[in-house]
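Everything on this sheet refers to the single structure shown next.
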Amino acid sequence: MAALMLRWSCLGKRWVLACIDGGSRHGRGAAIGLTSRRKRGQSSVAQQPLIAVQKSRKGEHEWAAVVGLEIHAQISSNSKLFSGSQVHFAAPPNSLVSFFDASLPGTLPVLNRRCVEAAVMTGLALNCRINKKSLFDRKHYFYADLPAGYQITQQRLPIAVNGSLAYSVSVGKKPSQVSTRTVRIKQIQLEQDSGKSLHDEPRSQTLIDLNRAGVGLLEVVLEPDMSCGEEAASAVRELQLILQALGTSQANMAEGQLRVDANISVHHPGEPLGVRTEVKNLNSARFLAKAIDFEIKRQIHELENGRKILNETRSFDDKLGCTMPMRDKEGKQDYRFMPEPNLPPLLLYDTASLPPGADPQQVINIDWIRERLPELPGKTREKLIQQYGMLPEHSFTLLNEVGLLEFFQNVIKETRAEPKKVTSWVLNIFLGFLKQQNLAVNESPVTPSALAELLNLLDRKAISSSAARQVMDMKRGNPRAINKLIGLVRKATLSRADPTVIKEILERKLSS
Amino acid sequence: MLGRTLREVSTALKQGHITPTELCQKCLSLIKKTKFLNAYITVSEEVALKQAEESEKRYKKGHSLGDLDGIPVAVKDNFSTSSIETTCASNMLKGYVPPYNATVVQKLLDKGAVLMGKTNLDEFAMGSGSTDGVFGPVKNPWSYSKQYREKRKQKAHGENEDSNWLITGGSSGGSAAAVAAFTCFAALGSDTGGSTRNPAAHCGVVGFKPSYGLVSRHGLIPLVNSMDVPGILTRCVDDAAIVLGMLAGHDPKDSTTIQDPVKPFTLPTSADVNKLCIGIPKEYLAPELSSEVRSFWSKAANLFESEGAKVIEVSLPHTSYSIVCYHVLCTSEVASNMARFDGLEYGHRCDINVSTEAMYAATRREGFNDVVRGRILSGNFFLLKENYENYFIKAQKVRRLIANDFVNVFNSGVDVLLTPTTLSEAVPYLEFIKEDNRTRSAQDDIFTQAVNMAGFLSCLQDCQQ
Chain A
1 MAALMLRWSC LGKRWVLACI DGGSRHGRGA AIGLTSRRKR GQSSVAQQPL
51 IAVQKSRKGE HEWAAVVGLE IHAQISSNSK LFSGSQVHFA APPNSLVSFF
101 DASLPGTLPV LNRRCVEAAV MTGLALNCRI NKKSLFDRKH YFYADLPAGY
151 QITQQRLPIA VNGSLAYSVS VGKKPSQVST RTVRIKQIQL EQDSGKSLHD
201 EPRSQTLIDL NRAGVGLLEV VLEPDMSCGE EAASAVRELQ LILQALGTSQ
251 ANMAEGQLRV DANISVHHPG EPLGVRTEVK NLNSARFLAK AIDFEIKRQI
301 HELENGRKIL NETRSFDDKL GCTMPMRDKE GKQDYRFMPE PNLPPLLLYD
351 TASLPPGADP QQVINIDWIR ERLPELPGKT REKLIQQYGM LPEHSFTLLN
401 EVGLLEFFQN VIKETRAEPK KVTSWVLNIF LGFLKQQNLA VNESPVTPSA
451 LAELLNLLDR KAISSSAARQ VMDMKRGNPR AINKLIGLVR KATLSRADPT
501 VIKEILERKL SS
Chain B
513 MLGRTLREVS TALKQGHITP TELCQKCLSL IKKTKFLNAY ITVSEEVALK
563 QAEESEKRYK KGHSLGDLDG IPVAVKDNFS TSSIETTCAS NMLKGYVPPY
613 NATVVQKLLD KGAVLMGKTN LDEFAMGSGS TDGVFGPVKN PWSYSKQYRE
663 KRKQKAHGEN EDSNWLITGG SSGGSAAAVA AFTCFAALGS DTGGSTRNPA
713 AHCGVVGFKP SYGLVSRHGL IPLVNSMDVP GILTRCVDDA AIVLGMLAGH
763 DPKDSTTIQD PVKPFTLPTS ADVNKLCIGI PKEYLAPELS SEVRSFWSKA
813 ANLFESEGAK VIEVSLPHTS YSIVCYHVLC TSEVASNMAR FDGLEYGHRC
863 DINVSTEAMY AATRREGFND VVRGRILSGN FFLLKENYEN YFIKAQKVRR
913 LIANDFVNVF NSGVDVLLTP TTLSEAVPYL EFIKEDNRTR SAQDDIFTQA
963 VNMAGFLSCL QDCQQ
């Protein structure tokens with residue numbers, strides 16, 4: 001299926017079809033925003049003539065996309081949700097499997113207290129109502145990585161409901177043009193993770209590793225209040241930051257600790273919602289927005305060509321950049337939900353309802369947890385703005401980049417330079433340098449101390465700002481710049497500086 | 513010696529009249545002699561002798577672990593026993609050797625009990641005859657009693673001596689037979705709809721079903737998680753009390769056990785019933801009730817009355833709905849509990865390699881008998897989205913009503929209910945198999961399963977003794 005090459009703009013919740021290539025000469029219904037350029041003989045993937053819509057009414061081509069998310073976050077805990085086996089990433093296969101995880105007959109689930117606390121903390125941080133009574137259910141389906149033939153989850157009455165998550169998106173070309181959006185949180189539920197299947201095609205077999213089977217998950221369900229990939233990615237990023245700040249999940253997508261499924265549909269504004277598809281297992285922040293946007297475009301393209309959208313499950317192929325129907329889902333599954341008979345209702349208390357003489361080991365007090373919640377990202381950003389006078393968009397960048405906030409705070413500690421200077425250097429020059437070199441903050445050859453010293457020199461006016469920038473150049477491996485640097489330094493110190501001393505200082509710094 | 517009660521033989525051990533090893537060997541020898549009963553699936557001879565040896569050492573040093581030390585016991589083969597094959601009388605678990613002990617088994621062993629073996633049952637505890645396990649049916653020891661043999665001689669001549677043996681009832685028939693045949697002094701059964709009480713009645717032993725939540729189910733391979741309890745079979749009520757005292761109490765591994773501490777108790781030596789109020793539920797006067805059972809029921813009621821108890825008629829109005837309600841809930845939970853048997857991690861696995869689905873299907877078809885498969889299919893039907901409300905939820909509501917019937921009666925001053933356990937005495941196997949498992953279960957559970965749904969305790973003792 002050839003993919004249309006189209007440029008979209010996500011203005012609020014409207015998708016405007018702006019085709020950059022492929023003019024249409026089939027009647028009056030040309031798409032809006034056609035350019036006159038038309039390249040023939042190009043690959044069919046890039047340029048396809050747009051099939052015209054016969055009638056051209058105002059707003060005809062406006063589409064609204066609706067995106068909801070189901071996010072699974074692995075709970076950061078020592079042991080699993082219902083058994084005592086340990087939780088470790090990348091352990092030898094089947095080395096962390098208890099009798100219960102292996103579904104040995106006669107074994108029973110025992111609820112892990114830490115997982116419940118993690119769920120309550122997350123619910124509170126997301127402004128949810130914590131249900132003082134919640135229930136566990138069995139969700140049945142047969143799959144090799146689900147030893148019991150059912151997953152224990154919370155379908156009827158989850159632990160937290162009706163919350164909200166605020167996130168920000170850029171609404172214009174300028175970095176200052178950010179807008180805060182809110183997505184409603186339908187519910188948070190506790191459930192078991194499944195094991196892992198490794199398909200060994202050459203030998204026609206599947207290898208099963210149950211290390212992950214039974215690990216506690218928080219499923220966070222976001223209502224379909226988002227309208228494009230960028231919004232979804234921002235919401236996910238903010239949730240990640242919150243979970244990490246709480247310590248309830250490390251939320252590292254690369255390690256499978258955070259997985260996202262997206263529910264996507266399109267419709268004309270004013271009309272009822274369209275049929276939705278589910279895009280499963282979006283496991284990378286990079287591809288999340290891409291996959292969602294692709295699916296939106298695909299649906300629009302299908303509908304514009306008179307076809308129907310199937311209510312199906314799809315997966316994202318990151319190499320091809322497109323979504324594909326998942327082969328092993330045939331028809332709709334009936335999960336035959338049934339209450340989990342081995343787990344009584346989960347009862348939580350607050351200070352007012354705590355039974356007198358209750359064993360603190362056996363009860364959970366929501367108020368106690370609320371009083372001890374760590375600082376959330378929103379609050380951290382607020383403090384940065386107040387304390388250092390930085391712009392809101394700067395505070396977002398500082399938190400969004402893994403490790404950058406810590407780096408920034410370490411530089412601030414060691415430098416006399418003004419915070420605004422530090423902010424500017426860290427966000428523009430330092431971050432820019434990292435991006436160019438394709439490095440993460442924790443891979444940076446420049447340490448906070450090094451940058452702090454450089455800024456100190458700058459502050460004392462011992463070197464000029466262009467010299468300082470060249471130091472950064474040095475780190476890229478351009479040794480000849482050092483002499484140029486010395487020349488500049490000497491100039492800056494009105495030739496009173498001893499070049500040898502300066503060279504030594506610079507070399508010492510540059511080699512660290 | 514083997515015909516004594518648990519308490520009596522325990523005293524004998526403490527006083528040195530007999531040693532644990534001698535006792536163990538006598539029981540092993542009797543098990544061999546009564547092999548034709550087919551009460552045992554596995555006889556754990558080596559293990560038992562070792563345990564007996566250890567018990568003997570303790571007695572010699574004067575460090576006995578209590579009333580159960582050195583006492584031969586048997587355990588139904590749906591309890592997980594570490595390093596001893598546990599089959600649930602099913603092909604699905606043939607050769608399955610668990611790596612852990614059920615809590616109740618561990619408790620018995622911790623008190624020095626000597627494990628003689630794993631007893632026979634209906635496959636996965638589904639049945640009321642102990643006739644539907646893959647190792648064959650269990651024969652009621654009373655089939656070989658003088659009374660029965662005389663009765664048979666009067667009825668038909670030229671009959672094969674053994675062709676008309678009686679069933680033990682089920683599903684804990686093996687445990688009941690083991691106790692009745694004197695091969696052990698106590699046995700564990702399980703009770704979901706009457707599976708301990710029914711065979712106890714047929715085999716003339718005491719069958720005790722504790723209240724749900726009193727005794728841990730960890731390690732009991734489940735039939736219906738919300739109704740199952742471990743059951744106790746002994747030859748007298750006092751013995752059952754001893755065993756219960758060892759087994760009851762909270763288990764952190766079973767979240768459905770009650771947290772409150774269990775106070776140890778001893779039964780009074782003479783029963784004083786004149787403060788007792790006994791209820792006779794009128795709905796239990798079923799037309800199918802045999803005249804013999806009915807007359808014993810009357811006799812028992814009269815006996816209590818003559819000793820000073822108050823005996824009154826009570827009503828459990830929702831009794832007639834309980835069988836159907838039980839079947840919906842039971843099959844639904846069965847469908848769920850059996851989902852884990854896929855041949856991947858343990859148990860039987862078929863030879864098919866084509867695909868996971870094909871493997872699952874063939875494994876389960878080969879591993880389960882048609883009683884189990886029938887219940888799985890029914891249960892899945894009731895759990896389907898379109899049926900859930902009408903069947904499962906409805907049954908849960910009816911269950912609440914049935915439970916409330918009991919609560920209301922016990923709140924109105926009644927201390928205990930007196931009812932029959934079975935419709936008639938033990939029937940011959942050939943008679944029993946004329947109807948299928950489902951029909952028989954529906955008929956035979958009528959007096960016993962309402963109590964399972966309500967969670968209450970129930971104990972029976974044979975009237976003829």
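Those sequence lines, one after another, are chains A and B. For the first sequence, counting from 1, position 474 maps to 474 in my numbering; every step adds exactly one. Numbers given in my numbering equal positions in the second sequence, counted from 1, plus 512. By construction, the Cβ of each residue, glycine as well, lies at the ideal position given by its N, Cα and C atoms.
State yes or no: is the C-beta of residue i within less than 8 Å of the C-beta of residue j?
i, j, result
"N652(B)", "W677(B)", "yes"
"P611(B)", "T593(B)", "no"
"I264(A)", "T248(A)", "no"
"A235(A)", "V183(A)", "yes"
"S77(A)", "N112(A)", "yes"
"L577(B)", "G624(B)", "yes"
"R138(A)", "S848(B)", "yes"
"V626(B)", "P584(B)", "yes"
"S79(A)", "F100(A)", "no"
"F694(B)", "L542(B)", "yes"
"L81(A)", "C115(A)", "yes"
"L745(B)", "G719(B)", "yes"
Does the Cβ of residue i have 16 or more other Cβ atoms within 10 Å, making it buried, or fewer, making it exposed?
i, result
"M324(A)", "exposed"
"V919(B)", "exposed"
"R877(B)", "exposed"
"M226(A)", "buried"
"H301(A)", "buried"
"S702(B)", "buried"
"R729(B)", "buried"
"D784(B)", "exposed"
"V866(B)", "exposed"
"R508(A)", "exposed"
Compute every distance between the C-beta of residue i and the non-hydrogen atoms of the ligand NAP, then say whether any falls below 7 Å.
i, result
"T615(B)", "The ligand NAP is not part of the structure shown, which contains no ligands of any sort."
Along chain B, in chain order, which residues have C-beta atoms closer than 9 Å to that of residue i?
i, result
"S353(A)", "The premise fails here: S353(A) is roughly 18 Å from chain B at the closest Cβ pair, so nothing lies under 9 Å."
"T206(A)", "T868"
"Y388(A)", "Residues of chain B passing the Cβ test: none, with the nearest at roughly 51 Å."
Under a three-way DSSP split, which group does residue i fall into?
i, result
"C536(B)", "helix"
"L620(B)", "helix"
"M338(A)", "strand"
"N305(A)", "coil"
"F894(B)", "helix"
"H394(A)", "helix"
"H762(B)", "coil"
"A166(A)", "strand"
"D917(B)", "helix"
"T781(B)", "coil"
"D200(A)", "strand"
"W677(B)", "coil"
"A586(B)", "strand"
"S353(A)", "coil"
"C322(A)", "strand"
"G742(B)", "First, the residue type needs correcting, since residue 742(B) is Pro and not Gly in the sequence shown. Looking at P742(B) - three-state DSSP - the assignment turns out to be strand."
Listing by chain order, which chain E residues have their CB less than 9 Å from the CB of residue i?
i, result
"T554(B)", "Chain labels in this structure do not include chain E; the protein chains are A and B."
Could you tell me which chain A residues have their CB closer than 8 Å to the CB of residue i, listed as they occur along the chain?
i, result
"N881(B)", "None at all; the shortest Cβ gap to chain A is about 17 Å."
Residues of chain A with CB closer than 7 Å to the CB of residue i, please, in chain order.
i, result
"T960(B)", "Within chain A, no residue comes near T960(B); the closest Cβ sits about 20 Å away, beyond 7 Å."
Strictly below 7 Å CB to CB, what residues from chain B border residue i?
i, result
"A144(A)", "L856, T868"
"Y349(A)", "By Cβ distance, chain B contributes nothing, its closest Cβ being about 16 Å from Y349(A), past 7 Å."
Determine the chain B residues that contact residue i at a beta-carbon separation under 8 Å, and present them in chain order.
i, result
"S134(A)", "Under the 8 Å cutoff, chain B gives no residues; its nearest Cβ is about 14 Å from S134(A)."
- Query: Is the region 558-574 of chain B touching the region 816-829 of chain B in the sense that three or more CB pairs, one from each, lie closer than 8 Å?
  - Reply: Taking 8 Å as the limit for Cβ pairs, the verdict is that the region 558-574 of chain B does not touch the region 816-829 of chain B.
- So, do the region 277-288 of chain A and the region 152-162 of chain A have three or more beta carbon pairs nearer to each other than 8 Å? At 8 Å Cβ cutoff, the stretches do not touch.
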